[in-house]
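Counting with full-length UniProt numbering, you get residues 1 to 215 for the letters of the sequence shown. We put the beta carbon where it would ideally sit given N, CA and C, even for glycine. Treat the numbers as computed from the prediction; the structure is a model and nothing was measured.
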Amino acid sequence: AELPKYLQDRIYYHIKLRLLTTVPLLRCASQACASTIATQMSRVLCPPGKFLVREGEMGDCMFFLVRGMVEVLCRELDGSERIHSTLKEGSWFGEVSLIKHIERTASVRSITPCQLFRLDQATFNKVLERFPEFASSLREGFESRTFKSSRSSEERRSRRSVAGHLIHEGLTDDNPFVPSFGSAPRLPGVGKWAAYSRRPDTPPSPISRKSSQLS
């Protein structure tokens with residue numbers, strides 16, 4: 001039998017809070033800030049074969065994959081698309097577009113029926129206005145990440161070249177970083193989601209994060 005809506009909403013809320021702790025750029029959020037973000041995330045259902053993100057389009061949101069599987073596609077120089085990796089439940093993608101309105105560096109397409117949570121940039125900007133200390137910490141973390149990625153890009157340029165041109169790494173001078181595609185531990189099925197219905201002030205259990213190879 002389907003759970004009552006109020007119970008589903010409570011379970012979804014705590015799953016959102018848990019997912020937020022897996023994204024490095026968002027870990028600096030206070031309890032109140034994280035709670036506000038969680039309440040603003042919308043639930044998205046999509047069938048197999050649907051593009052959630054298109055390479056080259058301007059990004060305006062990020063996604064958290066709750067159930068299902070998606071594939072990350074990168075465009076080759078000849079225009080064809082290559083499957084770079086697959087992401088399973090507990091993964092996220094598009095967080096850089098939440099902070100800086102830039103073109104997507106890869107496409108993401110659903111392989112199976114998927115359930116996701118979406119966080120829009122416009123909504124997130126309102127959170128930044130409400131929590132200026134979070135905005136400051138986020139900006140510092142983003143600048144640090146950009147600097148490290150830029151240095152990594154310079155090292156690649158000095159080490160790796162073929163036929164006089166840079167091996168395509170998805171990095172450019174205008175965008176010296178690539179949005180990460182991260183993953184967290186497997187989330188439980190609907191029947192077990194009640195285990196995540198802890199009080200908002202209860203700290204989440206430690207989570208290990210597997211980094212994507214796209215970097």
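Would residue i and residue j be called neighbours here (beta carbons separated by less than 8 angstroms)?
i                : j                : result
arginine 54      : glutamate 89     : no
lysine 16        : alanine 38       : yes
arginine 118     : glycine 49       : no
cysteine 28      : glycine 141      : yes
leucine 25       : alanine 34       : no
glutamine 8      : valine 127       : no
glutamate 103    : glutamate 57     : yes
phenylalanine 85 : phenylalanine 51 : Rather than phenylalanine, the amino acid found at residue 85 in this sequence is serine. It is not a contact, given that the beta carbons lie outside the stated cut-off.
glutamine 115    : arginine 43      : yes
proline 47       : proline 113      : yes
leucine 138      : isoleucine 111   : no
From the DSSP output, in three-state form, read off residue i for me.
i                 : result
phenylalanine 147 : Confidence at phenylalanine 147 is low in this model, with a pLDDT of 48, below 50, so the placement of that residue is unreliable and no value is reported for it.
arginine 67       : strand
glutamate 95      : helix
glutamate 89      : coil
aspartate 78      : coil
phenylalanine 131 : coil
arginine 27       : coil
leucine 3         : coil
arginine 159      : Residue placement at arginine 159 cannot be trusted, given a pLDDT of 43 that sits under 50; what the coordinates show is reported in the next sentence. Three-state DSSP puts arginine 159 in a helix.
threonine 22      : coil
lysine 16         : helix
Which partner residues does residue i have in the DSSP bridge list?
i             : result
methionine 58 : Glu103
valine 108    : Val53 and Val72
glutamine 115 : Leu45 and Arg67
aspartate 120 : Cys61
isoleucine 83 : Leu73
So, at 6 angstroms on beta carbons, what are the nonlocal neighbours of residue i in its own chain, with the 5 sequence-adjacent residues on each side left out?
i                 : result
cysteine 74       : Arg82, His84 and Ala106
phenylalanine 134 : Ala29 and Cys33
leucine 45        : Gln115
tyrosine 13       : Ala38
Please work out which residues of its chain come closer than 8 angstroms, Cβ to Cβ, to residue i, disregarding the five sequence neighbours upstream and downstream, and give them in chain order.
i                 : result
phenylalanine 131 : Ala29, Ser30, Ala32, Cys33 and Thr36
alanine 101       : Before going further, note that residue 101 is histidine rather than alanine in the sequence given. Within the same chain, histidine 101 has close Cβ partners Met58, Gly59, Asp60 and Gln121.
methionine 69     : Thr86, Leu87, Lys88, Glu89, Ser110, Ile111, Thr112 and Cys114
serine 144        : none
Near residue i, what residues of its chain come up, given a Cβ to Cβ distance below 7 angstroms and the 5 sequence neighbours on each side ignored?
i                 : result
phenylalanine 64  : Leu19, Trp92, Leu116 and Phe117
phenylalanine 124 : Leu98
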